[in-house]
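I have placed the structure first, in the form of structure tokens, so that the comments after it can refer back to it.
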DNA sequence: CTTTCGATGACGATGATTGTCAAAGTCATC
DNA sequence: GATGACTTTGACAATCATCGTCATCGAAAG
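Protein chains in written order, with the working numbering: chain D, 11 to 141; chain Y, 11 to 141.
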């Protein structure tokens with residue numbers, strides 16, 4: 011198999027750049043809107059493709075709103091972490107919880123589960139949105 | 011406002027009963043399939059309605075697969091708890107983590123977030139499915 | 001039994017996501 | 001700078017879960 015070249019295109023750069031500038035979780039549709047409003051015309055399909063590629067590459071984190079819509083965010087830390095997300099504005103804080111990691115592995119092992127992963131997200135209303 | 015009558019119908023009973031017999035998370039579509047295969051004909055729309063009503067009433071738990079599909083399960087414990095879910099067969103174990111609850115509230119408070127909730131699910135492969 | 005009104009379900013509508021494929025762009029090479 | 005091979009793009013159609021509609025059915029009360 012070929013090592014996947016990954017060409018640099020205007021669209022790829024635009025999506026990656028936008029994600030790095032926004033400090034909250036956004037849906038593909040929202041990102042598409044933002045790009046258009048900034049004058050950078052990128053097809054919706056392309057936004058989906060890049061956002062998913064970045065997610066698979068581990069460069070952005072994905073989670074789901076209550077309604078199931080996928081939202082994306084570029085995170086500073088490359089390692090494993092969780093999020094404290096404002097349910098109003100989408101702004102989020104990256105948090106780590108070593109104790110939680112250990113606990114989940116423990117629980118899984120106790121019940122004979124292997125190949126363990128977990129999801130942990132905290133939702134709330136941030137100070138600004140509480141106004 | 012009226013106190014919501016909630017009539018007892020064959021369909022309502024069938025959905026509730028099925029959920030109580032199945033020990034794993036199932037999607038509305040899967041539940042609909044199961045009901046049909048058991049001979050109990052219930053409309054898909056009706057399955058959706060009951061499953062959501064039960065979820066709002068706190069009688070079943072909801073979570074989302076990776077692909078965003080909602081899956082439901084009737085849980086024994088009424089209180090707040092989390093799940094250890096087999097990603098192959100959907101079977102799940104209810105677990106509690108008092109330490110985690112405290113930690114999430116703590117973290118949220120530190121960052122000025124209020125009205126806090128959280129989701130925590132552990133995915134793995136159960137012993138049976140590891141074969 | 002009859003009336004009343006919520007419950008049902010076939011069907012269409014919605015909305016996010018994915019598949020398709022011709023046209024345009026990128027990169028290595030000449 | 002031009003060329004060719006191969007990738008990426010994006011308009012559009014297709015999927016798929018889920019929700020809205022509304023005529024019809026059935027449970028419960030009188």
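Glycine included, each C-beta is placed from N, C-alpha and C at the ideal position. These numbers were taken from a predicted model, which means no experiment stands behind them.
- Annotated as distal: residue 70 (chain D) and residue 80 (chain D), with beta-carbon spacing of 8 angstroms or more.
- In this structure the segment 104 to 120 of chain Y does not lie against the segment 43 to 58 of chain Y, because fewer than three pairs of beta carbons, one per stretch, are closer than 8 angstroms.
- For residue 116 (chain Y) and residue 133 (chain D), the gap between their C-alpha atoms comes out near 13 angstroms.
- Interface with chain Y (8 angstroms Cβ-Cβ cutoff): residue 94 (chain D) is included.
- Interface residue (Cβ-Cβ distance to chain D less than 8 angstroms): residue 54 (chain Y) is not classified as such.
- Relative to residue 59 (chain Y), the option among Y:78, Y:45, Y:38 and Y:74 whose CA is nearest is Y:38.
- For residue 127 (chain D), the chain Y residues whose C-beta falls within less than 8 angstroms of its own C-beta are 132, 133 and 134, listed in chain order.
- Boundaries of the alpha helix (DSSP H) harbouring residue 30 (chain Y): 20 to 31, taken from the DSSP string.
- Each residue's CA atom was taken as its position, placing residue 86 (chain D) and residue 102 (chain D) some 12 angstroms apart.
- Taken in chain order, the members of the segment 59 to 81 of chain Y whose beta-carbon sits within less than 7 angstroms of a beta-carbon on chain D are 74, 78 and 80.
- Of all alpha-carbon atoms in Y:23, Y:75 and Y:83, the one lying nearest the alpha-carbon of residue 56 (chain Y) is that of Y:23.
- Along the segment 37 to 123 of chain D, the beta strand (DSSP E) occurs as fully enclosed runs of 3 or more residues at 70 to 74, 80 to 84, 92 to 96 and 102 to 105, listed in sequence order.
- For residue 91 (chain Y), there are no C-beta contacts with chain D under 8 angstroms, since the nearest C-beta of that chain is about 12 angstroms from it.
- Linking residue 44 (chain D) to residue 33 (chain D) through their CA atoms gives a straight-line distance of about 13 angstroms.
- Per the coordinates, the alpha-carbon of residue 20 (chain Y) lies some 14 angstroms from the alpha-carbon of residue 46 (chain Y).
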